[in-house]
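Trainee:
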Amino acid sequence: MRNEHKRIAIIGAGPGGLTLARILQQAGYEPAIYERAASSAELQQGGTLDLEENTGQKALRSAGLLENFLAACRFEGEALKVTDKQANVFYEEAAKQSTIKSAAGGGRPEIDRAKLSSLLFQSLRANSIRWSHKLMQAVPLEHGRHELQFENGHTDQVDLVVAADGAFSRIRPLLSGENAAYSGVSMIELNIINAAAQFPELAAFNGTGSMFALDDQKTIMAQFNGDDRIRIYLGFSAEREWLDNNGLDYTEPASVKRKLLSLFEDWSEELKNYILHANGPITPRRIYMLPVGHRWENKPGVTLIGDAAHLMSPFAGAGANLAMLDAAELGEMIIHHSDLNEAVQAYELKMFEYAGELAAETQTNMALFFSDQAAQKLGEKMKAIIGGQQI
């Protein structure tokens, strides 16, 4: 039996799952995509993503969507500023002009996660996604097949189940005893809506891309999104319970902002304005990760992509990029191997290598962001990267 006649289920409609579905559909496959949310409107989209040439953009090229991405992305979002708590600049990269877009891709242009998801949704055949399907468990059957059991009572028997279901995957326990563990970093997400119109001085200070202020084992990381929103992540090296025990009532924005301003009391006014002007949702977030170099023994009929496979902190911007690269690598292996299990094994061996390298880099970056003289260290690192030096 050729692979295109095998029953393949993808659990999760994030960038990785959608990219894999698109690649397989182009080759004549009919994967079943199961998503717990009731519709795309219910998906938690998050902020802006920078898609790299050799990961996210490579995957979009495989999916036949690179030109669509280049028409929608923001090269000006590559701008970056790194400061300490007094707004002393240690690195600054100017915005690039959107007119330099080319069919070849390149760089790390930004795209809002919602826009990327929309691009992928629109590329799929109608009714490709089974919404409101929360997976309860996958039960192994004979010959590598699995029965998928959903909360709504639906069941499906498949030849391959691909877990694209994120940090707390229901599928991962079939392959690995590792669980996502708290990284030691917590964040509080703030939002400034209509930033350029309401707070032009802050928008000018931030620039069209990202601003990282690092000091005192804390961070203010801000991203300009395509909807004129600045999304801010206040980062803290903290115990796991800190978000619950810090006295903040996240439903009371005014009191939260007062408390946060006191935590950044001796930071510059330009930087405290990110807190002062916040006028959107406030969301506490714990950062979780899997062990660096996470691997498992191959088993027929099941595999992992994205955060389910190699959850890591966001300090290298690798999450969505890696999920999409996983999708491209797995999709190509399935298409070009006559044996489905051999295809999965070949993908896993390749993925373990590149994901392990990026996980190690991400862990190093996380330690740097919360170290002494972090802004100076990151500035030097960025200058060396731009200069083509080895770090």
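Just so we're aligned, residue 10 is where the sequence shown starts under my numbering, counting upward by one. Backbone N, C-alpha and C fix where the C-beta goes; we use that ideal spot for every residue, glycine too. Computed from a predicted model, the values in this text were never measured in an experiment.
For a test of the three-state rule: what should DSSP assign to Q372, helix, strand or coil?
Mentor: helix
Trainee: Is it true that the CB of A336 sits closer than 8 Å to the CB of L157?
Mentor: no
Trainee: I think A222 touches D93, with their Cβ atoms under 8 Å apart; what is that distance to the nearest whole Å?
Mentor: 7 Å
Trainee: Does DSSP put E279 in a helix, in a strand, or in coil?
Mentor: In the structure shown, E279 sits in a helix (DSSP, three-state: H, G or I).
Trainee: For S246, name the three-state secondary structure that DSSP assigns.
Mentor: strand
Trainee: Among F208, T312 and I343, which has the Cα closest to the Cα of G153?
Mentor: Nearest option by C-alpha distance: T312.
Trainee: Quick one: grab the DSSP three-state call for V301.
Mentor: Of the three classes helix, strand and coil, the one that applies to V301 here is coil, per DSSP.
Trainee: Considering Cα atoms alone, identify which of E44, D348, L320 and Y259 is closest to P309.
Mentor: Just measuring C-alpha positions, the residue of E44, D348, L320 and Y259 sitting nearest P309 is D348.
Trainee: If you reduce the DSSP assignment to three classes, tell me which class P40 lands in.
Mentor: coil
Trainee: N215 lies in the alpha helix (DSSP H); which residues open and close that run?
Mentor: P209 to N215
Trainee: Would F208 and H286 qualify as a contact pair, given that the criterion is a beta-carbon distance under 8 Å?
Mentor: yes
Trainee: Assign P40 to one of two classes, buried (16 or more other C-beta atoms within 10 Å of its C-beta) or exposed (fewer than that).
Mentor: buried
Trainee: Short of 6 Å in beta carbon distance, which residues of its chain neighbour E61, apart from the five on each side in sequence? Order them along the chain.
Mentor: R117 and N330
Trainee: Can you tell me which of the three DSSP states A317 falls into?
Mentor: helix
Trainee: Does DSSP classify T108 as helix, strand or coil?
Mentor: Low confidence applies to T108: its pLDDT is 44, below 50, so where it sits in the model is not reliable, and the reading given next is rough at best. Three-state DSSP puts T108 in a helix.
Trainee: Output the residue ranges of the beta strand (DSSP E) runs that lie fully inside the segment 43 to 98 and measure 3 residues or longer, sorted by chain position.
Mentor: 57 to 59 and 89 to 92
Trainee: Would you report the Cα separation of R134 and L299, rounded to the nearest angstrom?
Mentor: 34 Å
Trainee: Got a sec? Which residues, its chain only, sit under 7 Å from I229 by beta carbon, not counting five neighbours each side?
Mentor: A222, I241, L243, L280 and Y283
Trainee: Pull up the DSSP beta-bridge partners for H163, would you.
Mentor: Answer is none; H163 lacks a bridge partner.
Trainee: What are the start and end residues of the alpha helix (DSSP H) that includes L331?
Mentor: G328 to H345
Trainee: Helix, strand or coil: which one does DSSP assign to K359?
Mentor: helix
Trainee: Just the Cα atoms here: how many angstroms apart are G55 and S49?
Mentor: 13 Å
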